[in-house]
Structure formats: structure tokens, C-alpha cells
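Protein chains: 2
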Amino acid sequence: MENFIFGRNNVYELLKTGNRSVSKIVLMKNMKENHKISQIIQLAKDKGIVYQFHPKEKFAQFGDCSHQGVVAYVSPVKYKEIDSIFQKNKEFKKVIITDGVEDPHNFGSIIRTAVCAGFDAVIFPSRRNASVNATVEKSSAGAVNHIDLIMVNSLSAAVDKLKNENFWIIATDIKASDNYYEIDYCNMNFAIVLGSEEKGISSTILNKSDFKIKIPILNKFDSLNVANAAGIVMYEAVKQSLQNSKD
Amino acid sequence: MENFIFGRNNVYELLKTGNRSVSKIVLMKNMKENHKISQIIQLAKDKGIVYQFHPKEKFAQFGDCSHQGVVAYVSPVKYKEIDSIFQKNKEFKKVIITDGVEDPHNFGSIIRTAVCAGFDAVIFPSRRNASVNATVEKSSAGAVNHIDLIMVNSLSAAVDKLKNENFWIIATDIKASDNYYEIDYCNMNFAIVLGSEEKGISSTILNKSDFKIKIPILNKFDSLNVANAAGIVMYEAVKQSLQNSKD
Chain A
0 MENFIFGRNN VYELLKTGNR SVSKIVLMKN MKENHKISQI IQLAKDKGIV
50 YQFHPKEKFA QFGDCSHQGV VAYVSPVKYK EIDSIFQKNK EFKKVIITDG
100 VEDPHNFGSI IRTAVCAGFD AVIFPSRRNA SVNATVEKSS AGAVNHIDLI
150 MVNSLSAAVD KLKNENFWII ATDIKASDNY YEIDYCNMNF AIVLGSEEKG
200 ISSTILNKSD FKIKIPILNK FDSLNVANAA GIVMYEAVKQ SLQNSKD
Chain B
0 MENFIFGRNN VYELLKTGNR SVSKIVLMKN MKENHKISQI IQLAKDKGIV
50 YQFHPKEKFA QFGDCSHQGV VAYVSPVKYK EIDSIFQKNK EFKKVIITDG
100 VEDPHNFGSI IRTAVCAGFD AVIFPSRRNA SVNATVEKSS AGAVNHIDLI
150 MVNSLSAAVD KLKNENFWII ATDIKASDNY YEIDYCNMNF AIVLGSEEKG
200 ISSTILNKSD FKIKIPILNK FDSLNVANAA GIVMYEAVKQ SLQNSKD
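Going line by line, the protein sequences match chains A and B. Last residue of the first sequence? That's 246 in numbering that gives the first Met the number 0, and every number before it is there in order. Last residue of the second sequence? That's 246 in numbering that gives the first Met the number 0, and every number before it is there in order.
So this is what it looks like as C-alpha cells:
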């Protein structure tokens, strides 16, 4: 599953941003022409990237990945070092930490929202968390190419480093007493931590956190999907910063 | 894919709520015992539901649906009539309308968040929208059993009916000028409308809307996943209502 990008929008985004090396594009033979396909072919021509038409049968190897008849062969996503965050020329930085988000659809969706919400980086551990594979890339709608992705061996060491650089650590925890909208996300560097769907955030990280927040559940029901929870908290921060800048 | 419930949590939720008729539960033979499995077996015993152990090979028929060795055979989800909303004994009602959300994972995720956010119903058209199948049910983490699901032949007629019953129609539209947090969701009946990922909300429904709102995107990037967009708007309403009730 590594090193393929599936789907029209994703391949188009990939070619447009041009920050990944593409070795080949494969299109399905006798496909109904549409605007996106023409754009992809034009971009491939402009950039001198090989593109080939393959019969439908050959697409079976890609499984049920909704490739929509378009697949790009690419170099893997390049991960950044954590220091890349501190070097950014911004007054306040905001990052997302996923502590054990194993479902690639959720992980991709979190990355997509992080880009929309103007976050600077996504930090995730090399174990017990999805890595950025083709499914994550597709679920992110290509957002993986628009944000710093930082894979670390020790999340605990990464959190220590963030704290040393004046980041506030905000942990989402179903048992927290404060609601997510009761804290102030403005005028500070912060990292929002999300845990696994099964177990939440590990106790080591929870203990290092400066704030614990929860999303209220108005029904006798389990809990939110982690990607939705991430979006709700990230956008509370967006909203506060936009309202703050207007004052 | 119809009429199966996959996965330990989902089957457990299903048995616990007990509002769907379950004809049979199938468990994988020689599976490592765990607490959830024991709970499922106990609930099946309590309710007199047949349960059987099948060898691993037999589970192949369910495909790659992360069944975790547990599948329940159930009656289809029962849809409600739109009048069920108006008959609820609540001062103000809130509903979600999906106008062409075709991805079953997104649709299931929207239903899950709607339950967490205390919404009263999800209204969706019988065409150009996912119906509530096994994938939707799994993505909803069983939430389909906790909310009124209303499938309508004409979304336009449904919106007219809501308006006649004093509902305000709030459309999410990438071209709107107001941000989603700039309107007041308190002390009124309202319906939030979400469109398809490709085309947004149909013009008929957009023209009938009382408010149009957008979620600001802080990056040169396409847009949010529809399920995340839904969660962000629903939780703005939750937040306002909780803050309002405290005043």
C-alpha cells in the first residue's frame, strides 16, 4: 500500500503542489474523459512525468481503494524533525499530537483538518499509531503534503521538548472536568493531544499535560470518533484566534 | 452488506440497547476470550438469542469489515416519519439534514456525532445519499440505534415541512459570508444542512435556507471532510446551548 496515491483529486493535488517526486501516473484505458483527468494529463505533460493507460484488469492490484481510474507512483512522504516547528517564523505555533490513532482513515482525516485549521505540524509516535501510508494520504485528501509530519520514537521526549520551547500541552480526556471551550487558546504556543479510540492518552503524556479538556456528550452514548473530536477542538482554537484578531 | 452488525463494541451496544431484533450471533471459534466477548455471550443468554461458534474460514464471507470475530444478524434499521420530530416533548428541537453524503463512513460518523451532540434526528434523501447499511452502522459505532433516522423521497418537501413547524434552516456553504459561530443556535428549532463532498448542497435547498454559514479555512487547501464539518457546526450549537443554560 506504500507509495501510491489514489484518486483524481489526490493525484491532481499532488501534481499541483509538486513537493513529492512522482515516477509514473497510471490512468484507466477507455475512461470517460472529464475535466480533472484532462488537468492531470496536462500537469503530467508540463512536468515531464510519464503517464500510461492500463486496462481495467490491471487496477485490481490496487484493491478497493476508490482509485477512480487514476494512480500515481510517488516517493514516500518526507517526515520532518521536531525542530522544524521551532524554526517557523510565526509568533505562536500550534500542533497536534496523536498518541495512538491507529485507524488510517481517522489519522488522515485529522491531518486534513489540521491543515484547514492552519496548524503547523502533526506529531505522532513510530509505534501504536498509523504511519503515513497510501490510505492515510487518501483520507487526508492530499493534506499530508501541506503540513509538517513529525514521527518520533519517544512521544514523551517530544512533549518535554515542546514544553522547553514554551508550548502548553492540552490533553483531550473523557474524564477531564473542563470543557474544551473553557480554555484560552490565544497568544500562546500549544499542542493538542489526542489518544487512541480504545485507551485514550497514555498516562505518561497525560501526567505531563498542562490542561485536560473534554468534549461534553449530551446523550448516554459512548463517545465521539477521534477525528471528529480533533476537529471540534482545533476549530475552537481557530474561532478564538479569529475573534481575538478582530478585537 | 445489509442486516449484519460487525465488531465487538457494535454488537455489544446493539444487545444492550435492545431496540433491534437480533436473529443470531456468530462468534469466531477459538478466539482469545476477552471481557467484551464474555459480556456479549452473557447478554445473548439473558435475552435468549441464539449464538454460534464458527471457524475462521466462514468469516471470509464478511470481507474486510473488521468484524473482530463477532457478527450479529439483525433486522434492518427502522426509519421514522418526519412527524416523529414534531411529536417530541422538547421545547426546541435540532436536526441534521444530509443532502447527498454518499460515503458511508462519513454518513455513519455524522450520525455518531449527532447522537453525542444531542440532536433529535437525521433526515436524508432516498437518492444520492448513503442509506443506513452495515458500513454506516459500523462507522456510527452503533449510534444509528440512538437517534431518529428519517429517509425522505423529497428533501425539498421535508424542508418545507420543517419550515412550517418553525424550524430555521441553516445551510453550510463554502461560499457563505457568515462564519458558523456568528449565528445564534439557542432558543429555536433548527436544521443544519450538509451537502455532498463534490457538489455541496443542491440549489433548491440552498434557496430555501434561512442562514448560510461557512467554516473558515486558514490555508490554501480544498476543504474539510463533511463529517468533520458537521461535527464542528453541531458542537458550536452544543457549546452555545450549554453556555446559555449557565447564564
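Cβ atoms here follow ideal geometry from the backbone N, Cα and C, with glycine treated the same way. Bear in mind that the values here come from a model prediction, so they are computed numbers and not experimental data.
8 Å Cβ shell around residue i - same chain, five flanking residues per side excluded
| i | result |
| --- | --- |
| S155(B) | T203, I204, K207 |
| V237(A) | A116, G117 |
| R111(B) | S138, S139, A140, A142 |
| E80(A) | I149 |
Best match in the options for proximity to residue i [C-alpha to C-alpha]
| i | options | result |
| --- | --- | --- |
| R19(A) | K31(A), I36(A), K46(A) | K46(A) |
| I149(A) | P124(A), F210(A), E164(A) | P124(A) |
| L305(A) | E80(B), I24(B), A120(B), N178(B) | There is simply no residue 305(A) to check, as chain A begins at 0 and stops at 246 in what is shown. |
| V158(A) | I95(A), D172(A), E136(A), K44(A) | I95(A) |
| I4(B) | T134(B), A175(B), H104(B), K213(B) | T134(B) |
| N163(A) | D147(A), F85(A), I169(A) | F85(A) |
| S153(A) | I191(A), I122(A), V76(A) | I122(A) |
| D119(B) | K28(B), S37(B), Q41(B), F91(B) | F91(B) |
| E196(B) | P75(B), D221(B), I216(B) | D221(B) |
| G199(B) | A170(B), K44(B), I36(B) | A170(B) |
Under 8 Å from the C-beta of residue i: neighbouring residues of chain B
| i | result |
| --- | --- |
| Y11(A) | Per Cβ cutoff of 8 Å: no residues; Y11(A) is ~10 Å from chain B at best. |
Contacts of residue i in chain B (Cβ-Cβ under 7 Å)
| i | result |
| --- | --- |
| D183(A) | Here the premise fails: no neighbours, minimum Cβ distance about 15 Å. |
| D221(A) | A140 |
| A226(A) | N227 |
| I4(A) | Residues of chain B passing the Cβ test: none, with the nearest at roughly 15 Å. |
| I95(A) | Near I95(A) there are no residues of chain B at all, since even the closest Cβ is about 13 Å away, more than 7 Å. |
| I231(A) | G230, I231, Y234 |
Interface residues of chain A facing residue i [CB-CB closer than 9 Å]
| i | result |
| --- | --- |
| L217(B) | V114, C115, A116, G117, F118, V237, S240, L241 |
Neighbour-count burial assignment, residue i, 16 or more Cβ in a 10 Å radius
| i | result |
| --- | --- |
| Y234(A) | buried |
| L161(A) | buried |
| A59(A) | exposed |
| N128(B) | buried |
| E32(A) | exposed |
| G17(A) | exposed |
| R126(A) | exposed |
| H66(A) | buried |
| N186(B) | exposed |
| P54(A) | exposed |
| N287(B) | Because chain B in this structure spans residues 0 to 246, residue 287(B) falls outside the shown range and cannot be described. |
| L14(A) | buried |
Cutoff 6 Å; reference residue i; Cβ partners in own chain excluding five residues on either side
| i | result |
| --- | --- |
| V247(A) | Residue numbering for chain A in the displayed model covers 0 to 246; residue 247(A) lies beyond these limits and cannot be assessed. |
| A190(B) | V94, I96, L161, F166, I168 |
| A226(B) | N105, S108, I109 |
| M30(A) | G68 |
| S83(B) | D147 |
Contacts of residue i in chain B (Cβ-Cβ under 9 Å)
| i | result |
| --- | --- |
| G17(A) | Residues of chain B passing the Cβ test: none, with the nearest at roughly 14 Å. |
| G194(A) | Per Cβ cutoff of 9 Å: no residues; G194(A) is ~16 Å from chain B at best. |
Contact list for residue i against chain A, beta-carbon separation under 7 Å
| i | result |
| --- | --- |
| H145(B) | N218, F220 |
| I39(B) | Those within 7 Å of I39(B) in chain A number zero; the least Cβ separation is about 15 Å. |
| Y180(B) | K238 |
Cβ shell of residue i (< 7 Å), same chain only, five flanking positions each side left out
| i | result |
| --- | --- |
| A229(A) | I95, I109, T112, L193 |
| I40(A) | Y50 |
| E1(B) | For E1(B), the predicted structure reports a pLDDT of 48, less than 50, and the residue's modelled location is therefore unreliable. The matter cannot be settled from this model. |
8 Å Cβ cut-off: residues of chain A touching residue i
| i | result |
| --- | --- |
| I149(B) | Chain A residues near I149(B): none, gap ~18 Å exceeds 8 Å. |
Got a sec: which bits of the stretch 98-116 of chain B sit with their beta carbon under 8 Å from any beta carbon on chain C, in order along the chain?
Of the protein chains in the structure, A and B, none is chain C.
Going residue by residue through the stretch 97-171 of chain B, where are the continuous alpha helix (DSSP H) segments of at least 4 residues, counting only ones entirely within it?
If we require 4 residues or more, the alpha helix (DSSP H) runs fully inside the stretch 97-171 of chain B come out as 103-115, 133-138, 154-163.
Minimum length 4: unbroken alpha helix (DSSP H) runs contained in the stretch 17-78 of chain A:
Taking only runs of at least 4 residues, the alpha helix (DSSP H) segments lying wholly in the stretch 17-78 of chain A are 34-46.
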